[in-house]
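Student: Just passing along the structure, written as structure tokens.
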Amino acid sequence: MGAGQDVGRSCILVSIAGKNVMLDCGMHMGFNDDRRFPDFSYITQNGRLTDFLDCVIISHFHLDHCGALPYFSEMVGYDGPIYMTHPTQAICPILLEDYRKIAVDKKGEANFFTSQMIKDCMKKVVAVHLHQTVQVDDELEIKAYYAGHVLGAAMFQIKVGSESVVYTGDYNMTPDRHLGAAWVDKCRPSLLISESTYATTIRDSKRCRERDFLKKVHETVERGGKVLIPVFALGRAQELCILLETFWERMNLKVPIYFSTGLTEKANHYYKLFITWTNQKIRKTFVQRNMFEFKHIKAFDRAFADNPGPMVVFATPGMLHAGQSLQIFRKWAGNEKNMVIMPGYCVQGTVGHKILSGQRKLEMEGRQVLEVKMQVEYMSFSAHADAKGIMQLVGQAEPDSVLLVHGEAKKMEFLRQKIEQEFRVSCYMPANGETVTLPTSPSIPVGISLGLLKREMAQGLLPEAKKLRLLHGTLIMKDSSFRLVSSEQALKELGLAEHQLRFTCRVHLQDTRKEQEMALRVYSHLKSTLQGHCVQHLPDGSVTVESILIQAAAHSEDPGTKVLLVSWTYQDEELGSFLTALLKKGLPQTPS
Amino acid sequence: MAAHLKKRVYEEFTKVVQQQEEVATKKLRLTKPSKSAALHVDLCKAACPADALQYLLQFARKPVEAESVEGVVRILLEHYYKETDPSVRLKIASLLGLLSKTAGFSPDCIIDDAINILQNEKSHQVLAQLLDTLLAIGTKLAENQAIQTRLVDVACKHLTDTSHGVRNKCLQLLGNLGSLEKSVTKDTEGLTARDVQKIIGDYFSDQDPRVRTAAIKAMLQLHERGLKLHQTVYNQACKLLSDDYEQVRSAAVQLIWVVSQLYPESIVPIPSSNEEIRLVDDAFGKICHMVSDGSWVVRVQAAKLLGSMEQVSSHFLEQTLDKKLMSDLRRKRTAHERAKELYSSGEFSSGRKWGDDAPKEEVDTGAVNLIESGACGAFVHGLEDEMYEVRIAAVEALCMLAQSSPAFAEKCLDFLVDMFNDEIEEVRLQSIHTMRKISNNITLREDQLDTVLAVLEDSSRDIREALHELLCCTNVSTKEGIHLALVELLKNLTKYPTDRDSIWKCLKFLGSRHPTLVLPLVPELLSTHPFFDTAEPDMDDPAYIAVLVLIFNAAKTCPTMPALFSDHTFRHYAYLRDSLSHLVPALRLPGRKLVSSALSPNIAPHEDPSQQFLQQSLERVYSLQHLDPQGAQELLEFTIRDLQRLGELQSELAGVADFSATYLRCQLLLIKALQEKLWNVAAPLYLKQSDLASAAAKQIMEETYKMEFMYSGVENKQVVIIHHMRLQAKALQLIVTARTTRGVDPLFGMCEKFLQEVDFFQRCFIADLPQLQDSFVDKLLDLMPRLMTSKPAEVVKILQTMLRQSAFLHLPLPEQIHKASATIIEPAGESDNPLRFTSGLVVALDVDATLEHVQDPQNTVKVQVLYPDGQAQMIHPKPADFRNPGPGRHRLITQVYLSHTAWTEPCQVEVRLLLAYSSTARIPKSPWIEGGEGPPQVDTSIEGAIPFSKPVKVYIMPKPARR
């Protein structure tokens with residue numbers, strides 16, 4: 001329904017062994033009409049969604065993964081469980097509320113979800129812990145893995161019986177200053193649904209980037225300039241804050257750093273709380289000091305922008321298209337000592353994009369022309385896995401097949417080829433609305449009675465690991481359960497009488513000797529060839545091998561030919577047929 | 001009276017005998033049979049398994065002597081056969097293992113029983129324990145080939161057990177006992193010789209991961225015991241690299257490493273192509289791949305092992321730092337490459353434009369190999385890892401590889417420099433140290449130097465100092481680089497004035513390494529002007545001193561430089577040469593007669609003459625065995641003086657000179673003490689005079705402790721002499737006390753103690769006694785039986801004559817001897833401002849000291865604070881407070897907490913460092929300390945500690961608390 005060969009509006013419907021699970025419920029940032037939300041009529045035409053879907057899973061709090069949630073649950077109508085991690089549960093409503101405010105209050109949209117709806121929607125949420133296996137119902141279970149990317153981002157494993165799907169959401173394989181790397185165990189899912197934002201990119205070491213960033217900021221500040229860093233409220237903002245904070249700490253700098261108030265403050269609060277979701281360093285040191293309790297970073301006030309002297313300011317929004325960041329930018333643009341650092345991508349048409357593409361004179365509203373003298377820097381601090389990271393994750397999970405979402409078609413094509421070539425697994429990249437059907441070969445567990453197992457053990461040698469063994473028994477299928485029991489027990493259970501099935505076979509041998517002698521020769525021959533078996537010569541002239549009876553008789557017509565009568569029961573089929581084949585080859589010519 | 005005395009003596013005598021060891025052992029031996037019997041009784045009594053278990057547990061707490069082990073084992077085995085409860089059997093089995101480890105007991109007698117019970121055992125746990133016991137027995141009897149073979153057979157038989165525990169133990173047994181000669185004498189053993197490697201190898205594919213791990217470990221064990229592993233193991237191990245369990249993967253990585261070291265040059269094919277590569281390269285690639293494993297334990301393991309694979313070809317090595325970057329399918333250059341290009345094109349980075357790094361060349365989609373690129377980028381990943389353990393391991397590995405390959409060192413420089421910005425201090429420190437270690441191979445580019453220098457502002461002192469050390473041995477390529485470094489260091493100096501010494505030292509080396517680069521900078525640095533005289537800079541400015549240190553050191557090898565100096569520079573040179581002689585070298589200045597370096601040419605001559613001089617003067621002293629006392633004394637005094645002077649002049653010989661001087665001083669004191677007239681004077685008269693003798697005894701004692709513990713490199717033969725000297729001092733002390741004290745009672749105790757010490761000396765140094773011919777002890781021991789029975793007065797008399805007659809022992813000089821010394825850098829003791837604090841509360845005093853030639857400073861070095869009221873406080877610094885910047889050098893940076901009741905006015909406390917010697921560490925050497933010699937040695941220093949630094953005075957003022 002979304003994110004197929006496309007970035008934004010992540011929404012994927014998975015049917016696995018009769019269970020239906022919806023993964024993420026995002027909005028598209030590029031559209032303002034109906035296309036911004038997924039088309040939920042795909043799921044079912046008639047009947048309520050609650051009846052059709054077993055659960056909904058939200059991977060993390062970015063709006064392109066959870067933006068449509070209140071619309072979906074309250075306006076379309078869904079009452080089933082919604083699973084997400086604790087940090088996501090905490091931060092998600094803040095972002096939704098913010099999004100609603102902009103859409104309704106600023107753009108004046110009607111028919112949008114209300115604050116109450118967000119609250120109601122959040123009531124349906126069930127929070128999960130990392131690596132906690134949650135039983136949605138008797139058969140469906142889900143488990144969350146750490147995904148990096150943003151605080152609380154998780155990958156989910158959805159498992160029904162022996163079939164399973166791993167959905168990555170967005171993830172990052174390289175750890176950064178406040179989050180660890182994504183990790184998944186070797187769970188061998190039937191299908192891995194992975195994002196592929198950077199399908200064709202292999203990134204440089206993050207250290208160069210960090211060092212560059214710090215150096216730039218440091219130099220500007222030492223010159224007495226001001227640094228403006230336009231950011232989005234959550235995610236990268238915290239990363240950069242930590243980066244600067246630790247640097248300031250290390251270098252003993254006194255220059256003030258400011259952070260625009262509002263959303264970020266609230267979010268920072270949650271960052272302080274969910275320490276367990278961060279990386280090793282923060283987890284280990286939070287007892288002495290919580291890294292998110294910034295010592296050098298203070299809340300920003302509008303009046304500070306005119307203060308003399310150097311400073312660093314983080315301001316929202318990230319693309320310099322409106323709001324505080326733009327205001328500050330206008331104030332500072334005229335001084336060549338100042339610097340603006342764009343830490344992320346800018347959409348075409350925004351001020352951010354213009355200055356990045358080198359424009360030095362900007363036309364602002366009201367026909368003003370703003371001359372940009374300040375330095376403009378671009379640094380990419382992205383928290384998505386690059387091509388190598390994706391491959392690494394695929395290698396870690398060892399799936400049977402891979403499905404790529406959340407990326408551009410052309411780039412995905414390249415990655416698809418690579419995955420197929422290197423892991424030799426099938427790889428898909430469906431477009432929106434396209435359904436991929438995957439055949440699986442489920443293994444069916446069969447119960448075996450202890451008696452039978454013990455009997456088998458006693459008969460043969462000890463079981464060898466990973467080697468197939470032949471076993472006689474009866475398979476009983478009853479009430480959708482499978483049991484393997486010994487034949488006697490099966491007969492008894494089913495109330496059937498036992499039938500003896502006996503095979504007999506005649507073997508013609510050219511021999512002129514007497515029957516007795518013949519039998520003796522057969523006996524000695526078999527005795528010598530079948531070492532492991534019990535071969536007996538009975539007084540009445542017949543030979544037995546275990547329970548197989550061999551009798552020698554003269555041919556009624558041709559006295560030169562002797563007939564060997566071999567008879568065995570059905571259970572001894574294997575040995576019996578072997579014996580006949582052996583005897584048919586004839587007896588060795590004994591010199592006597 | 002006489003009868004009474006005799007009785008006393010007799011009592012003393014018996015007491016001494018009782019403490020001898022034989023009696024004690026006899027006593028123990030008597031109890032032994034009763035112990036095993038008690039166990040037997042206990043076990044029979046035990047009604048339920050729980051009781052029996054309790055008895056066994058109690059039994060296990062007590063040690064069993066070697067002689068009685070066999071009896072105990074028999075009883076245990078007897079019970080084992082009867083016992084039905086598996087837990088009790090398990091305990092018995094484990095006890096058997098413990099007992100068979102007892103020293104002096106040969107377990108071959110129980111091996112049959114052990115194997116026997118093994119065959120009838122059903123419980124898997126007990127089986128595993130029994131195999132463990134067999135392992136203990138087997139390792140004990142490592143020489144017995146027959147038993148080894150037998151045990152291996154037993155192990156092989158139980159390898160098919162269903163329990164993983166049993167299989168584990170079997171594999172362990174095979175790994176530890178599998179015979180080594182198999183590969184050599186294959187045919188002699190014939191059928192019984194099993195191919196242990198093959199058997200273990202079969203279990204690489206066991207279903208239980210624990211067994212797989214045990215199998216790999218067993219294989220590694222075989223390798224450790226010297227068995228050459230087959231190359232086939234390599235392929236098996238490679239398969240295990242993709243195992244599901246981390247412990248298996250971790251062990252497999254180790255195994256691959258081992259094999260790669262065994263067969264580095266053999267050729268292995270690359271799957272899916274026809275090419276072949278060296279095995280070590282292949283293994284390197286595989287281990288590199290494990291650096292991005294899912295489990296960090298494996299990652300650490302892999303990163304560590306990479307460092308020791310030195311035979312790897314450079315082509316592969318360089319790949320580890322290369323991560324092919326691309327963006328939208330186009331090849332991108334790394335930031336490092338861009339930086340390099342910018343640098344070589346001669347233009348400085350002027351702020352990056354967006355799209356500056358825009359990818360240029362198209363990448364051939366088919367050729368890009370995303371994951372199976374072997375070594376590709378392994379270190380890039382390792383250095384970016386989430387866990388700092390991995391990062392540290394990667395840095396260490398880089399260091400080791402770079403040390404062996406200069407080309408690689410050049411390449412990895414960028415990455416190491418990047419690590420200077422790591423979030424964890426430990427990693428930063430490690431990477432700086434690494435850089436220092438490889439600095440011989442590299443020359444820093446200017447942009448790299450820039451990044452390195454940026455770290456100088458770090459607030460952590462360790463980081464800064466490590467960086468200074470690094471700069472000491474870095475090669476800088478341009479004069480701008482030197483200038484940059486100087487500027488940054490001066491900035492550092494203003495920001496952190498405490499770094500002064502470290503920065504000066506750093507500049508000293510920087511100057512002497514790059515004289516030609518400093519030369520063009522001199523006018524600018526000294527701000528001289530061709531026409532005008534400039535103002536004379538302030539001589540006490542640390543920054544100016546820093547600049548001068550750089551210039552003077554550069555001028556040492558650059559004779560043209562002094563021409564650029566102005567007058568005041570020469571004056572400053574003279575001043576600095578005197579005040580900071582360790583930083584400023586002697587210069588050959590034109591027109592000056594080397595004022596300050598007048599000493600150096602005279603003593604500069606080679607080592608040999610002074611060494612000779614030392615030897616000669618010592619020879620002279622030792623040659624006078626029985627000179628007339630007066631002459632001997634004079635000679636000793638002169639020699640001591642000479643030696644001390646020599647020590648001051650020749651730093652290399654300081655240790656030896658001091659050591660011998662101290663010894664001679666002891667001898668001198670002894671002679672002087674014995675020369676006293678007092679010995680003939682009647683008792684009441686010499687109460688006063690005896691001070692000299694007893695003081696001499698005391699001082700000799702102190703000096704001997706110093707000799708023993710303050711010098712590193714003291715060998716046993718010196719220790720004997722030192723102890724001998726101490727014994728003489730004790731004898732002297734005894735004599736003096738005997739003459740001064742009235743009444744005989746206290747003398748008994750002292751005599752007895754002295755005799756004990758003599759006895760102890762004999763026992764400790766029995767091997768060295770022959771070299772003590774004709775000495776005090778030698779004579780003493782001859783008379784020992786007589787002394788034992790004599791009265792104290794008689795003993796004293798004998799001792800006195802012996803002391804006079806005894807010969808002067810020759811002190812052999814050790815090869816390498818260094819005197820432990822310490823300098824307190826901080827507090828400097830110059831401050832006039834008292835440290836004020838509220839009485840009853842504490843104030844933290846930062847102490848910074850360098851220690852030289854101290855062994856094990858964590859345990860021995862203490863800080864002592866002496867308050868004006870005579871109260872002394874000893875502080876034990878934390879082990880983490882000690883840093884080890886170089887061989888033989890340590891640095892102590894710690895905080896000392898001071899507290900006192902209120903004073904009326906500020907006063908000085910003394911802070912000094914003590915070298916504690918523990919009697920437990922060198923048991924045979926100093927039992928006297930515990931014996932409680934009494935007040936003599938415990939006066940200012942705390943028991944068993946020698947002050948070894950100059951005390952520093954700190955001005956403090958505890959204020960009364962305000963109400």
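These protein sequence lines map, in sequence, to chains A and B. FYI, the numbering for the first sequence is 1 to 592, going by the UniProt record's numbering. FYI, the numbering for the second sequence is 1 to 963, going by the UniProt record's numbering. Note that CB positions come from ideal geometry on N, CA and C, so glycine has one too. Here the structure is a predicted model, which is why all the values come from computation and not from measurement.
Residues in the same chain with beta-carbon distance under 7 angstroms from His164/B, minus the five sequence neighbours each way, listed in chain order, please.
Tutor: Same-chain partners within the cutoff: Asp208, Arg210, Val211.
Student: Go ahead and pull the three-state DSSP assignment for Arg250/A.
Tutor: Looking at Arg250/A - three-state DSSP - the assignment turns out to be helix.
Student: Measuring only between beta-carbons, confirm whether Trp332/A sits less than 8 angstroms from chain B.
Tutor: Output row for Trp332/A: interface = no.
Student: Comparing alpha-carbon positions, which option in Tyr570/A, Ala554/A, Gln510/A, Gln531/A lies nearest Arg502/A?
Tutor: Answer by Cα proximity: Tyr570/A.
Student: Does the stretch 729-737 of chain B come into contact with the stretch 761-772 of chain B, if we say contact requires no fewer than three beta-carbon pairs (one atom in each stretch) closer than 8 angstroms?
Tutor: No contact exists between the stretch 729-737 of chain B and the stretch 761-772 of chain B.
Student: Answer yes or no: do Lys215/A and Ala454/B have a C-beta to C-beta separation smaller than 8 angstroms?
Tutor: Yes.
Student: First and last residue of the beta strand (DSSP E) that includes Cys907/B?
Tutor: Segment 907-916, the beta strand (DSSP E) holding Cys907/B.
Student: In this structure, how does DSSP classify Thr920/B when only helix, strand and coil are distinguished?
Tutor: A caution first: Thr920/B carries a pLDDT of 40, below 50, which makes its placement in the model too unreliable to give a value.
Student: Output yes if chain A places a C-beta closer than 8 angstroms to the C-beta of Lys508/B; else output no.
Tutor: Not an interface residue.
Student: Residues in the stretch 84-118 of chain B with C-beta within 7 angstroms of chain A's C-beta atoms, listed in sequence order?
Tutor: Within the stretch 84-118 of chain B, no residue qualifies.
Student: Three or more beta-carbon pairs under 8 angstroms between the stretch 361-373 of chain A and the stretch 176-191 of chain A, yes or no?
Tutor: Verdict: no, contact absent.
Student: Run down chain B in chain order and give the residues with a C-beta less than 7 angstroms from the C-beta of Ala181/A.
Tutor: What Ala181/A touches in chain B: Glu386.
Student: Tell me which residues share the same chain as Ser790/B and place their Cβ nearer than 8 angstroms to its Cβ, disregarding the 5 neighbours each side in the sequence.
Tutor: Here the set comprises Ile798.
Student: May I ask you to report which of helix, strand or coil DSSP gives Gly323/A?
Tutor: Correct three-state label for Gly323/A: helix.
Student: With 9 angstroms as the C-beta to C-beta threshold (strictly closer), list the residues of the stretch 412-425 of chain B near chain A in chain order.
Tutor: Listed by position, the residues of the stretch 412-425 of chain B near chain A (Cβ gap below 9 angstroms) are Asp414, Phe415, Val417, Asp418, Met419, Phe420, Asn421, Asp422, Glu423, Ile424, Glu425.
Student: Considering only their Cβ atoms, is the gap separating Asp400/A from Val425/A smaller than 8 angstroms?
Tutor: A contact, by the Cβ cut-off of 8 angstroms.
Student: Can you check whether the CB of Val395/B is closer than 8 angstroms to the CB of Glu448/B?
Tutor: Sequence inspection shows Gln at residue 448/B; the Glu mentioned does not correspond to that position. No, they are not a contact pair.
Student: Using the rule of at least 16 other Cβ atoms within 10 Å of the residue's Cβ for burial, across every protein chain shown, is Ser597/B buried or exposed?
Tutor: Its pLDDT being 42, under 50, Ser597/B is placed unreliably by the model, and the measurement read from it follows with that caveat. Ser597/B is buried by the Cβ-count criterion.
Student: Of all Cβ atoms in chain B, is any one closer than 8 angstroms to the Cβ of Cys208/A?
Tutor: It does: the Cβ of Cys208/A has a partner Cβ on chain B nearer than 8 angstroms.
Student: Using CA atoms only, rank isn't needed, just tell me which of Asp782/B, Ser821/B, Lys950/B is closest to Ala828/B.
Tutor: With distances taken between Cα atoms, Ala828/B lies closest to Lys950/B.
Student: So, for Ser123/B: in the same chain, excluding its five sequence neighbours on each side, which residues have a beta-carbon less than 6 angstroms away from its beta-carbon?
Tutor: Within the same chain, Ser123/B has close Cβ partners Pro86.
Student: Counting only beta-carbon separations shorter than 8 angstroms, does Arg250/A have a partner in chain B?
Tutor: At least one chain B Cβ lies under 8 angstroms of Arg250/A.
Student: For Thr246/A, would you say it is in contact with chain B, using Cβ-to-Cβ distances shorter than 8 angstroms as the test?
Tutor: Yes, Thr246/A counts as interfacial toward chain B.
Student: Using the C-alpha atoms, what's the distance from Val863/B back to Leu669/B?
Tutor: One C-alpha to the other measures close to 30 angstroms.
Student: Closest to Ser15/A by CA distance: which of Ile82/A, Ile158/A, Tyr146/A, Arg35/A is it?
Tutor: The candidate whose alpha carbon is nearest that of Ser15/A is Ile158/A.
Student: Run through DSSP, which three-state label would Arg483/A get?
Tutor: Three-state DSSP puts Arg483/A in a strand.
Student: Taking DSSP as the reference, what is the three-state secondary structure of Lys101/A?
Tutor: Correct three-state label for Lys101/A: helix.
Student: Quick check for students: name the residue ranges of the beta strand (DSSP E) that lie wholly in the stretch 211-277 of chain B, counting only runs of 3 or more.
Tutor: Counting only runs of 3 or more, we get 267-269.
Student: Tell me which residue opens and which closes the alpha helix (DSSP H) that Asp848/B is part of.
Tutor: Unbroken run through Asp848/B is the beta strand (DSSP E), 843-852; no alpha helix (DSSP H).
Student: What are the start and end residues of the beta strand (DSSP E) that includes Arg299/B?
Tutor: Careful: Arg299/B lies outside any beta strand (DSSP E), inside the alpha helix (DSSP H) at 296-306.
Student: Using only the alpha-carbon positions, how far apart do Leu772/B and Lys672/B sit?
Tutor: If you take the alpha carbons of Leu772/B and Lys672/B, they lie about 22 angstroms apart.
Student: How many Å lie between Thr320/B and Ala546/B at the Cα?
Tutor: One C-alpha to the other measures close to 41 angstroms.
Student: Short of 6 angstroms in beta carbon distance, which residues of its chain neighbour Gln247/B, apart from the five on each side in sequence? Order them along the chain.
Tutor: Hits under 6 angstroms: Thr213.
Student: Should Val253/B be flagged as near chain A, meaning a C-beta pair shorter than 8 angstroms?
Tutor: Output row for Val253/B: interface = no.
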